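Q: Before I ask anything, let me first share the structure, which is written out below as structure tokens.
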Amino acid sequence: MQLDDFDFADDLALLSHAHKQMQIKTTNVAAASASVGFNTHKGKNKVLKCNMKNITPITLDGETVEDVEFFTYLGSIIDEQGGSDEDV
1 MQLDDFDFAD
11 DLALLSHAHK
21 QMQIKTTNVA
31 AASASVGFNT
41 HKGKNKVLKC
51 NMKNITPITL
61 DGETVEDVEF
71 FTYLGSIIDE
81 QGGSDEDV
């Protein structure tokens, strides 16, 4: 089974193997959110690239989304290798 995203309350983590698909997902989530009156907080959006050679930035409404080396999702630290070893 392949997961495309993790959703919980107001937290969302999008997953993709391809840069182009991640850009499409990011744009689609922002558009779907706006259509029901939700705002996407651009300052809270982050991109974690795992083993990616494409350095083209992901954008949201014309602004570059910040690249990070790790992020915390529901209390677990996810790193660039895709694991949560930093939690242990």
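The opening residue of the sequence shown carries number 1 in the UniProt record's numbering; numbering runs sequentially from there. Just so you know, even glycine gets a beta-carbon here, dropped at the ideal spot from N, CA and C. On a predicted model such as this, the values are computed, not experimentally measured, just so you know.
Just mark V36 as buried or exposed, buried being the case when its beta carbon has 16 or more other beta carbons within 10 Å.
A: Numbered from its first residue, the sequence shown carries residue 36 at position 36. Flag for V36 reads exposed.
Q: Where in the segment 23-71 do unbroken runs of the beta strand (DSSP E), each at least 3 residues long, occur, reported from the N-terminal end onward?
A: Runs of the beta strand (DSSP E) inside the segment 23-71: 46-48 and 66-68.
Q: Is the segment 17-35 touching the segment 73-82, taking contact as three or more C-beta pairs under 8 angstroms?
A: Contact fails: fewer than three Cβ-Cβ distances are below 8 angstroms.
Q: A13 bridges to which residues according to DSSP?
A: Indexing the sequence shown from 1 puts residue 13 at position 13. DSSP lists F6 as partners of A13.
Q: Skipping 5 residues on each side, what residues in its chain have a beta carbon closer than 7 angstroms to that of S16?
A: Walking along the sequence shown from the start, residue 16 turns up at place 16. Excluding positions up to five away in sequence, the list reads M22 and K25.
Q: Of the residues G62, T40, H19 and E66, which one's Cα is nearest the Cα of D10?
A: Residue mapping note: residue 10 aligns to position 10 of the sequence shown, counting from 1. Minimum Cα distance to D10 is reached at T40.
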